[in-house]
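Working notes for the structure below.
In the working numbering, the protein residues as written are -2 to 502.
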């Protein structure tokens, strides 16, 4: 408690000293998109037009090799809002800290909005659309009662007062703002075939045409089934709606005369929500778009060095003239003295009721993945994913023997290799595991050691204790609303996880 009070006093004093100078600093606006991979023009997407993200790239810098540190919402968001690996701060298990066991940040780790607010910025999180601004909104009283605010989803204890409102319109005249625009992205297509078809109907009405499912390209480990094709087509239409939202915000910034004094970063929290995408450490789950536009940012530049999603925090703080803490793990990749990384890292841990632990290290040529539960299948039971039409369809096709050898091996093998190694720059979908190839033994051993060092140096918190089944897991019993009658799929899954744990799987 004393540490927390001291931290706030220091930040407040810093804020008093910085408030006057803040008016001359750039605004900072983040576009944070849910569940969407790099399917935009600057990344080679040609099936749907993305003129507004294209504009950001044309007028700014595009990072072609940006990767999230966690391929699921809450750990990822906990990481980028602090500039720290989620595994270091103990926020790596999805939707953790919501039960009796709380997660408290170390005293030296401060969420970005707190730092911006202390420096005199108006902090906001919402849609960015003026018609959705709730003027005079009441202050949020808690995580779930954050009235009018956009998606936060942090796994640690935080004070809702770090956000002044849901839109920069509430700021004082001349006051700079830090705004997070939260977009639904891939979630627009819903979780079932009917919802996907409704989004395509909406695209037809608003854009004059919807993406043709028959012309949709799928990764080779997904069958060209009508349900999957319609889902992916709807996802591409969601890309168009996302791009339109970006255009609306840019137009508003221009109308208000603040676009040229605003640092804009466009990115997503992780990749597409699909069987081998979201929740997993392959490119489909971790590769994200990352485009930066604003004062001092090179125009039309393309960078191919490896960066991590958490880097958006130090980039933004530095642009605002806010000192970066010495212990921050993220890097200001726009700094003059920045030395490009030779590797980036990612982690997957428990997602809802599904116990998992996966780590990865990626270099310029190779992606090394370690599975800590290799005796469990890739698609472990998971109420969230198993509720989606695409996963239900995959399970039905597998049961009927209608998947090819690659699809069965990658999606439905009863076990997984303990280690995976991919030449990711040439093996686009990571389908050829080189871990057992003698020709790549030296690379395997090198990356194995590199991952070990990273886990030790960053103090990886590792797996949860068995107590989670009686605390955090209670959130998922009964599904999302906690009112189901009888034994739910989630309860069945938890029972299965317990059995696997007893069996050492």
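All C-beta atoms in this analysis are idealised placements derived from N, C-alpha and C, irrespective of residue type, glycine included. Since the structure is predicted, the reported quantities are computational estimates derived from the model, not experimental observations.
Item to complete: Tell me where the beta strand (DSSP E) around residue 297 begins and ends.
Response: Run containing residue 297: none; DSSP gives neither H nor E here.
Worksheet item: Between which two residues does the beta strand (DSSP E) containing residue 165 stretch?
Response: It is not in any beta strand (DSSP E) - residue 165 carries neither H nor E in the DSSP assignment.
Item to complete: Take residue 57 as the anchor and find which of 502, 320, 263 has the nearest alpha-carbon.
Response: 263
Worksheet item: Does the region 299 to 314 touch the region 62 to 74, meaning 3 or more C-beta pairs lie closer than 8 Å?
Response: yes
Discussion item. Strictly by DSSP, which residues pair up with residue 446?
Written reply: DSSP lists no partner for residue 446.
Fill in: Buried/exposed call for residue 253, threshold 16 Cβ in 10 Å
exposed
Worksheet item: Alpha carbon to alpha carbon, what distance is there between residue 437 and residue 110?
Response: 45 Å
Item to complete: Under 6 Å Cβ to Cβ from residue 180, same chain only, skipping five residues before and after it: list those, please.
Response: 30, 239, 242
Worksheet item: By Cβ distance below 6 Å, which residues in the same chain neighbour residue 312 in space, the five residues on each side in sequence not counted?
Response: 329, 331
Practice prompt. List in chain order: all unbroken alpha helix (DSSP H) runs of 4+ residues lying wholly within the region 182 to 215.
Written response: 190 to 204
Item to complete: In the DSSP assignment, find the alpha helix (DSSP H) that holds residue 503 and state where it starts and stops.
Response: Residue 503 is absent from the model: the chain starts at -2 and stops at 502.
Discussion item. Per the DSSP calculation, residue 175 is bridged to which residue(s)?
Written reply: 25, 120
Practice prompt. Would you decide whether residue 356 is buried or exposed? Buried here means 16 or more other CB atoms lie within 10 Å of its CB.
Written response: buried
Item to complete: Would you check if the distance between the CB atom of residue 453 and the CB atom of residue 362 is smaller than 9 Å?
Response: no
Worksheet entry | Among 340, 407, 289, 386, nearest to residue 59 - alpha-carbon criterion | 289
Fill in: beta strand (DSSP E) runs contained entirely in the region 329 to 399, provided each spans 3 or more residues
341 to 345, 355 to 359, 364 to 368
Item to complete: Compare the Cα-Cα distances from residue 510 to each of 280, 41, 187 and report the closest residue.
Response: Given a span of -2 to 502 for the chain in the structure shown, any question on residue 510 remains unanswerable.
Discussion item. Quick check: the Cα distance between residue 99 and residue 72, rounded to an integer number of angstroms?
Written reply: 15 Å
Item to complete: Report the three-state DSSP secondary structure of residue 232 (helix, strand or coil).
Response: helix
Practice prompt. Return the CA-CA distance between residue 497 and residue 366, expressed in angstroms with no decimal places.
Written response: 22 Å
Worksheet item: Where does residue 437 fall in DSSP's three states?
Response: helix
Discussion item. Does residue 87 pass the burial test, meaning 16 or more other C-beta atoms within 10 Å, or should it be called exposed?
Written reply: buried
Worksheet item: If you draw a straight line from the alpha carbon of residue 433 to that of residue 372, how long is it in whole angstroms?
Response: 17 Å
Fill in: For residue 265 and residue 182, believed in contact at Cβ under 8 Å, the rounded distance
6 Å
Practice prompt. Measure the alpha-carbon distance for residue 207 versus residue 222 and round it to whole angstroms.
Written response: 18 Å
Worksheet item: What number of angstroms, rounded off, separates the C-alpha of residue 490 from the C-alpha of residue 409?
Response: 17 Å
Discussion item. Using C-beta distances below 8 Å, list every residue in its chain close to residue 407, excluding the 5 sequence neighbours before and after it, in chain order.
Written reply: 218, 273, 375, 428
Worksheet item: Can you tell which of 441, 170, 270 has its C-alpha closest to the C-alpha of residue 70?
Response: 270
Item to complete: Please go through the region 73 to 100 and give each complete alpha helix (DSSP H) segment of 4 or more residues, from N-terminal end onward.
Response: 83 to 86
Worksheet item: Hey, quick one: how far does the alpha helix (DSSP H) through residue 112 stretch, first residue to last?
Response: 109 to 115
Fill in: Pick from 172, 81, 216 that is closest to residue 153, judged by C-alpha positions
81
Discussion item. Judging by CA-CA distance, which residue of 380, 91, 124, 398 is the nearest neighbour of residue 344?
Written reply: 91
Fill in: Cβ neighbours of residue 503 in the same chain (closer than 7 Å, five flanking residues each side left out)
Within the shown structure, residues of the chain are numbered from -2 to 502, placing residue 503 beyond reach of any answer.
Worksheet item: Mind checking whether residue 68 and residue 278 have CB atoms under 9 Å apart?
Response: yes
Discussion item. Give me the residue from 33, 228, 77, 26 with the minimum Cα distance to residue 196.
Written reply: 228
Worksheet item: Quick one: complete beta strand (DSSP E) runs, 3+ long, within the region 228 to 275?
Response: 259 to 265
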